[in-house]
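Q: The structure's right below; bear with me while I get my questions together.
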Amino acid sequence: MAFPGNLEVWALTHDAPLRNALADESVFVRGWRNWRALMAGEVDPTHPVANMLRVESMLARSGADHKRMRGLVQAAFTRRRVEALRPRIEEITNELLDRMAESDGVVDLKAAYSFPLPIRVISELLGLNEEDHLTLQTLVTRTLSGTDPEANADAFTFVASLIEAKRKNLDDGLISAMIEARAEDGDRLSETELIHNTLLLIIGGFETTMGMISNSVQLLLTHPDQLHLLRTGQASWENAIEECLRFESAVVMLPFLYTTRDVEIDGITIPAGDAVLIGFGPANRDPQAYDDPDRFDITRPRPRHLAFGHGAHLCLGAALARLELLIALPALFERFPDITLVGEAPPTPTVFMNHPLSRPVLLRPKP
């Protein structure tokens, strides 16, 4: 696959080969220093994608190094902490729906609902201030565009200032918990690891859920037969959400895995040290993994999709994302039973994500 700027990499786009690669850290590893062409100077180090890769979060680690770092983050990001957010998610959801109902007309669903819900949830989880929301959205959009060479540095600087403020005034948020997290042997996250993992949680905590709310609403409104199954109780919201995640995952692809040796996949040899793109989106439509994969069917047996990854790097925030979707989507369709799509929904300018830049809808509140 070729990126802008003549950057050529391999891509895994089928279910089984991608799952195998994600699970086999003896052959496919993470971390930009494993990219032979970059380290040899064959790739422009100022290329936006090369800049984007220079992270030291758990997403960019493999093996024992990844296990160590994930353990420290997970010690703070517990399932109990996530589940405790349920009443607050419901409260924010109802508040946003009340505000939307006041318009009784055309609104941008993304601006009014898809963005503010997850950004407020992750901000409260991390202990961030509301006045930082717009800055965070802008920085995340720039970082994920794959075209902005300054995005990473700006994002790291901003997050470092957030962490410094937390050190001076610890609270019960997740950033403070990560600052104080200790392993049994006394190990802790370094300052760089704190910054990079905080940014990872911010990106994963709202960008993907924001995209999935918008994508799911669009899918259900363009497939009224499927929405009818939900409204008549013939299908569950849990199953519908899994099919939305499979069919229009907010994460199309992520960079990169790197081969530790020459490896043959389906008769093609990928040389050692080459970069391999992680193609979640196309793998979720693999005809070898799903019957009639391009058909949106919420009655499909619960799909084992790759929207949250696979293996040791399975998304840490998957439970939170599912909880938000399970609250946000039924509530929206209950409050606005006649909601309809209007206008165009231009795509967000990024090679890695899949969601609209805006999603206009016409609201007619429930009488």
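Residues in the sequence shown are numbered consecutively from 1, following my numbering.
All residues carry an ideal CB built from backbone N, CA and C; glycine is no exception.
#1: State the Cα-Cα distance for the pair PHE158 and ASP104, rounded to the nearest angstrom.
#2: Cα separation between LEU139 and ALA153?
#3: Does DSSP put PRO224 in a helix, in a strand, or in coil?
#4: Which two residues bound the contiguous alpha helix (DSSP H) that contains LEU194?
#5: Report the rounded CA-to-CA distance for ARG68 versus GLU334, giving the unit in angstroms.
#6: Whole angstroms is fine: what's the gap from ALA2's alpha carbon to VAL9's?
#7: Leaving out five residues before and five after MET39 in sequence, what residues of the same chain have Cβ atoms less than 7 Å from its Cβ?
#8: Would you mind sorting GLN234 into buried or exposed? The rule is 16 or more other CB atoms within 10 Å of its CB.
#9: Measure the C-alpha to C-alpha separation of ASP338 and ALA331 and round it to an integer number of angstroms.
#10: Report yes if the CB atom of PHE206 is closer than 8 Å to the CB atom of ILE122, and no otherwise.
#11: Give the C-beta separation of LEU314 and LEU12 to the nearest angstrom, bearing in mind that I take them to be a contact with Cβ-Cβ under 8 Å.
#12: By the three-class DSSP mapping on this structure, what secondary structure does GLU324 have?
#13: So the beta strand (DSSP E) LEU257 belongs to, where does it begin and stop?
#14: Which full runs of the beta strand (DSSP E) of 3+ residues lie inside the stretch 238-316, going along the chain?
#15: Pick from LEU325, ARG295 and ILE203: whose alpha carbon is nearest that of ALA151?
#16: Taking just the CA atoms, how far does GLY31 sit from LEU230?
#17: Give the single residue among ALA75, ILE213, PHE296 and ARG120 whose Cα lies nearest to the Cα of ASP108.
#18: May I ask you to report which of helix, strand or coil DSSP gives PHE77?
#19: Any chance the CB of LEU53 is under 7 Å from a heavy atom of the ligand COA?
#20: Nearest-angstrom Cα distance between MET178 and PHE115?
#21: Within this structure, are the beta carbons of LEU97 and GLY309 separated by less than 8 Å?
#22: Taking the C-alpha atoms as reference points, what is the distance between PRO301 and ARG246?
#23: Comparing C-alpha positions only, which one of PHE280, MET100 and HIS223 sits nearest to THR208?
#24: Please identify the residue among VAL342, SER62 and LEU325 whose C-alpha is closest to the C-alpha of GLU90.
#25: Note down the Cα distance separating LEU134 from ILE119, rounded to an integer number of angstroms.
#26: Hey, quick one: how far does the beta strand (DSSP E) through ASP108 stretch, first residue to last?
#27: Name the DSSP beta bridge partners of PRO360, please?
#28: Are GLU243 and ASP297 closer than 8 Å when you measure CB to CB?
#29: Hey, out of ARG36, PRO282 and ALA345, whose CA is closest to LEU219's CA?
#30: In chain order, what residues of the same chain lie with their CB nearer than 6 Å to the CB of LEU126, ignoring the 5 residues before and after it?
#31: With DSSP as the reference, identify every bridge partner of TRP10, one or two as the case may be.
#32: Rounded to whole angstroms, what is the Cα-Cα separation between LEU59 and ALA318?
#33: Starting from the Cα of VAL82, find the closest Cα among ASN284, LEU18, LEU194 and LEU323 and give me that residue.
#34: Could you tell me which whole alpha helix (DSSP H) segments of length 4 or greater appear in the stretch 9-89?
#35: Skipping 5 residues on each side, what residues in its chain have a beta carbon closer than 6 Å to that of LEU306?
A: According to the data block:
#1: 38 Å
#2: Each residue's Cα considered, the two are about 10 Å apart.
#3: helix
#4: Run containing LEU194: 191-202, per the alpha helix (DSSP H) assignment.
#5: 44 Å
#6: Since pLDDT at ALA2 reaches only 49, below the 50 mark, its modelled position is unreliable, and no value is offered.
#7: ARG33
#8: exposed
#9: 13 Å
#10: Going by C-beta atoms, PHE206 is nearer than 8 Å to ILE122.
#11: With a Cβ gap of about 17 Å, LEU314 and LEU12 do not count as contacting.
#12: helix
#13: 254-259
#14: 254-259, 263-265, 268-270 and 275-278
#15: ILE203
#16: 43 Å
#17: ILE213
#18: coil
#19: In terms of ligand content, the structure shown is empty, and the ligand COA therefore cannot be addressed.
#20: 25 Å
#21: no
#22: 12 Å
#23: PHE280
#24: LEU325
#25: Put simply, the backbone Cα of LEU134 is about 9 Å away from that of ILE119.
#26: Counting along the chain, the beta strand (DSSP E) containing ASP108 begins and ends at 106-108.
#27: Paired residue(s): ASP108.
#28: yes
#29: ALA345
#30: GLY173, LEU174 and ILE175
#31: VAL276
#32: 14 Å
#33: LEU323
#34: 15-23, 36-39, 48-53, 63-76 and 79-83
#35: PHE280, ALA283 and ASN284
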